[in-house]
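**Q** The numbering used here numbers the first residue of the sequence shown as 803 and each following residue consecutively.
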Amino acid sequence: MVAQSQNKSMTGRLVAIGCNYEPWIALLEQSGWKTHCCYDLRTADSILEEYSPCICVVDLSNNDFSLNSISLRANKTKQVKWIAIIKKEQLKTDAICQFINNFCVDYFTVPVPGSHLLDTVGHQLGMLEIESRTWVEITSQHDMGLFGESKSIKQLRDMVRRVAMTEVNVFLTGENGTGKELIAKSIHNLSKRKNTPFTVVNCASLNRDDDKMSLLDGSYRQEDGTRFTGTLMLDNVEELSKDLQEDLLTYLQAPASETLDGEDAADIRIIATSSADLEAAVASGEFSKELFYRLNVFHIKVPTLRERGSDIFLLAETFLTKFAREYSTMAASFSEDSKQLLLRYSWPGNVRELINQVKRAALLAEGSEVRAEHFDLPSKANLKQSLRNIKDEAEKDVLVAVLETHRGQVASAAKDLGVSRATMYRLLNKHNIVPDSRHYNNGFIRD
């Protein structure tokens, strides 16, 4: 049953981007909706932040906006239901259809049927109210490396959501700068511990007498005198000394209620992080094998920025909007040469390096456009190699997707792609994909 347009528990708020004051807007206001029309996307950003939770109607019928800019905003907004207005012939445009499929709860073709739209936004308002009761805020999701549409980042988001609702220890690995601490915070904020402390311990700076290690044995007390309850992130866990590895293992092996003084034990969830090859450290005897298995209950490998393809530019746009507002500069877009530079650079410092580079560019840009010279990056990066990597990643994603569609059957997948079976097997070998229809399970191909 469609919800009534005027919800008793939540005020109807609607943001109309690129819309003139049309009859359907007047109809909404007569029904009690609070509306705001705007054409400037920066203004829309602040309004959406202020109005959330809300409905956002974006008029794409006149091609007034970059679809990429609208997608960027739709992807990062929280508790906003997006509705598109288009011309009927735009349904033949793949980019428009993809935007509607990825981000919108509905769409209307011009002229907009006011009564139908009123019913739709009323129903979506009801859905927002249900969501608001259980909504868990994720701290600056797009700053955590969780923002994007690449396959690797979608898998990361899914793993974070799944493990957050459990109490198991988590082991985060990945290169420096990929955002492991911020992802650990996301896990904490999505868990039932979200209202308890999130404490980060840098293992490289610890010694056995450090007060922070008393979090483990239960002797540490919070301000109200109770034992510590929360999430403890052990950063660079490979740096723990042998003595501290032994102490941590003893804590993890002890029954939950057991302490040396007989009092209540600390209630701690541990998230360990490492940028090193901890398995190699275990093999060499530098790290305790037993401790490794205790920490590595649920392993998440954080992808590098270079593994995320076009997410690089999506992130760059997000950071540019943020820093331009923070530093009151006019920087609003990237020139074509700066886009090429962003995409071909290998980003050894990952998201952290990208943040610093965009911050620099936002400060140096004299007008609205950021150019290549505003970045402190090599001007002759290996463009050919970077483009090859992007092409290979896209090729692999297509192969996996087609195999999933055909449930691991190589012959039918090859026919769908318009290649011979021999070519199909050559491509599968190139990307180390092992198709076996007998092992097909729940839509995934097991290697």
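For every residue, glycine included, the Cβ atom is placed at its ideal position computed from N, Cα and C. Quantities reported herein were computed from a predicted structural model and do not represent experimental measurements.
(1) Looking at valine 907: is its Cβ nearer than 8 Å to the Cβ of isoleucine 872?
(2) Within the chosen definition, does the stretch 1033 to 1048 reach the stretch 990 to 1005 through at least 3 CB pairs nearer than 8 Å?
(3) Determine the direct distance from the alpha carbon of lysine 1124 to that of glutamate 1250, and round the result to whole angstroms.
(4) Which residue's Cα is closest to the Cα of leucine 1080: Asp1069, Glu1092, Ile1070, Ile1072?
(5) Report the rounded CA-to-CA distance for glutamine 1142 versus phenylalanine 901, giving the unit in angstroms.
(6) Going by beta-carbon coordinates alone, are leucine 958 and isoleucine 1102 separated by less than 8 Å?
(7) Touching or not, the stretch 1094 to 1109 and the stretch 969 to 986, by the rule of three or more beta carbon pairs under 8 Å?
(8) Residues bridged to cysteine 858 by DSSP?
(9) Have a look at Ile888, Val860, Lys889 and flag the residue whose alpha-carbon is nearest the alpha-carbon of arginine 875.
(10) For the candidate residues Ser1140, Pro1105, Arg1154, whose alpha-carbon lies nearest to that of serine 954?
(11) Tell me which same chain residues have a C-beta within less than 8 Å of the C-beta of glutamate 983, skipping the five on either side of it?
(12) If I measure Cβ to Cβ from isoleucine 827 and keep anything under 6 Å in the same chain, skipping five residues before and after, which residues do I get?
(13) Is isoleucine 1114 helix, strand or coil by DSSP?
(14) Can you check whether the CB of phenylalanine 1089 is closer than 8 Å to the CB of glutamine 1047?
(15) Give every residue of the same chain whose Cβ lies closer than 7 Å to the Cβ of histidine 1208, excluding the five residues on either side of it in the sequence, and list them in chain order.
(16) Mapping the DSSP letters down to three states, classify glutamate 824 as helix, strand or coil.
(17) For proline 999, is the classification buried or exposed, using 16 other Cβ atoms within 10 angstroms of its Cβ as the cut-off for buried?
(18) Can you tell me whether DSSP reads serine 942 as helix, strand or coil?
(19) Can you check the stretch 829 to 873 for any beta strand (DSSP E) of at least 3 residues that lies completely inside it and give the ranges in chain order?
(20) Of the residues Met967, Lys1161, Ala818, Glu1109, which one's Cα is nearest the Cα of aspartate 1194?
(21) Is valine 1153 helix, strand or coil by DSSP?
(22) Exposed or buried, which one is leucine 1062 when buried takes at least 16 other CB atoms within 10 Å?
(23) Considering only DSSP beta bridges, list what isoleucine 1102 is partnered with.
(24) What are the partner residues of methionine 1035, as DSSP defines its beta bridges?
(25) Rounded to whole angstroms, what's the CA-CA distance from glycine 924 to serine 833? Just pull it up for me.
(26) Quick one: any contact between the stretch 1162 to 1179 and the stretch 1122 to 1137, if contact means 3 or more CB pairs under 8 Å?
(27) Specify, as a first and last residue, the run of the alpha helix (DSSP H) that aspartate 960 falls within.
(28) From which residue to which residue does the beta strand (DSSP E) around glutamate 910 run?
(29) Tell me which residues share the same chain as leucine 869 and place their Cβ nearer than 8 Å to its Cβ, disregarding the 5 neighbours each side in the sequence.
(30) What distance in whole Å lies between the Cβ atoms of leucine 850 and valine 882, which are believed to be in contact at a cut-off of 8 Å?
(31) If we ignore side chains and look at the alpha-carbon of each, how far apart do alanine 818 and arginine 1127 end up?
(32) Using DSSP's beta-bridge definition, name the partner residues of serine 1135.
(33) Among the candidates Phe905, Ile887, Thr895, whose CA atom is the shortest distance from the CA of proline 915?
(34) Just to confirm my understanding: we take glutamate 977, look at its own chain, exclude 5 residues before and 5 after, and list those with CB closer than 7 Å. What are they?
(35) Do you know offhand how far isoleucine 1073's Cα is from phenylalanine 905's?
**A** With the structure as the only source:
(1) No, these two residues do not count as a Cβ contact at 8 Å.
(2) These segments touch.
(3) A query on residue 1250 cannot be resolved here, the shown segment of the chain reaching from 803 to 1249 and no further.
(4) Closest option to leucine 1080, Cα to Cα, is Glu1092.
(5) Whole-angstrom Cα-Cα distance: 24 Å.
(6) Yes, the Cβ-Cβ distance between leucine 958 and isoleucine 1102 is below 8 Å.
(7) Here the stretch 1094 to 1109 lies against the stretch 969 to 986, with 3 or more beta-carbon pairs under 8 Å apart.
(8) Paired residue(s): Val817, Trp884.
(9) Comparing alpha-carbon positions, the option among Ile888, Val860, Lys889 lying closest to arginine 875 turns out to be Val860.
(10) In terms of CA proximity to serine 954, Pro1105 leads the group Ser1140, Pro1105, Arg1154.
(11) Excluding sequence positions up to five before and after glutamate 983, its CB lies within less than 8 Å of the CB of Val1002, Met1035, Asp1037, Thr1075, all in the same chain and listed in chain order.
(12) When the five nearest sequence neighbours on each side are left out, the beta carbons in the same chain lying within less than 6 Å of the beta carbon of isoleucine 827 are those of Thr837, in order along the chain.
(13) Three-state DSSP puts isoleucine 1114 in a helix.
(14) Contact: yes.
(15) The residues are Ser1214, Ala1215, Asp1218.
(16) It is coil, neither helix nor strand.
(17) Exposed, since its Cβ has fewer than 16 Cβ neighbours within 10 Å.
(18) At serine 942, the pLDDT of 43 sits below 50, so the modelled position is not reliable and the matter cannot be decided from this model.
(19) Runs found: 836 to 840, 856 to 861.
(20) Of the listed residues, the one whose Cα sits closest to aspartate 1194 is Glu1109.
(21) The three-state reading of DSSP puts valine 1153 in helix, counting H, G and I together.
(22) In this prediction, leucine 1062 has a pLDDT of 44, which is less than 50 and means its spatial position is unreliable; what the coordinates show is noted afterwards. Counting Cβ neighbours within 10 Å, leucine 1062 comes out exposed, since fewer than 16 surround it.
(23) Under the DSSP definition of a beta bridge, isoleucine 1102 partners with Leu974.
(24) Under DSSP, methionine 1035 takes part in a beta bridge, and its partners are Val1002, Ile1073.
(25) Their backbone Cα atoms lie some 10 Å apart in a straight line.
(26) Three or more Cβ pairs closer than 8 Å define a contact, and the stretch 1162 to 1179 meets that threshold against the stretch 1122 to 1137.
(27) 953 to 966 is the extent of the alpha helix (DSSP H) around aspartate 960.
(28) In the sequence as displayed, the identity of residue 910 is phenylalanine instead of glutamate. Where phenylalanine 910 is concerned, the enclosing beta strand (DSSP E) starts and stops at 906 to 911.
(29) Excluding positions up to five away in sequence, the list reads Leu862, Ala897, Ile898, Phe901.
(30) About 6 Å separates the beta carbons of valine 882 and leucine 850, which is inside the 8 Å limit, making them a contact pair.
(31) Rounded to the nearest angstrom, the two C-alpha atoms are 22 Å apart.
(32) Note: serine 1135 sits in a beta bridge opposite Glu1171.
(33) Selected option, being the one with the closest Cα: Ile887.
(34) Answer for glutamate 977: Ser1077, Thr1106, Asn1152, listed in chain order.
(35) Spanning the alpha carbons of isoleucine 1073 and phenylalanine 905 requires a straight line of approximately 32 Å.
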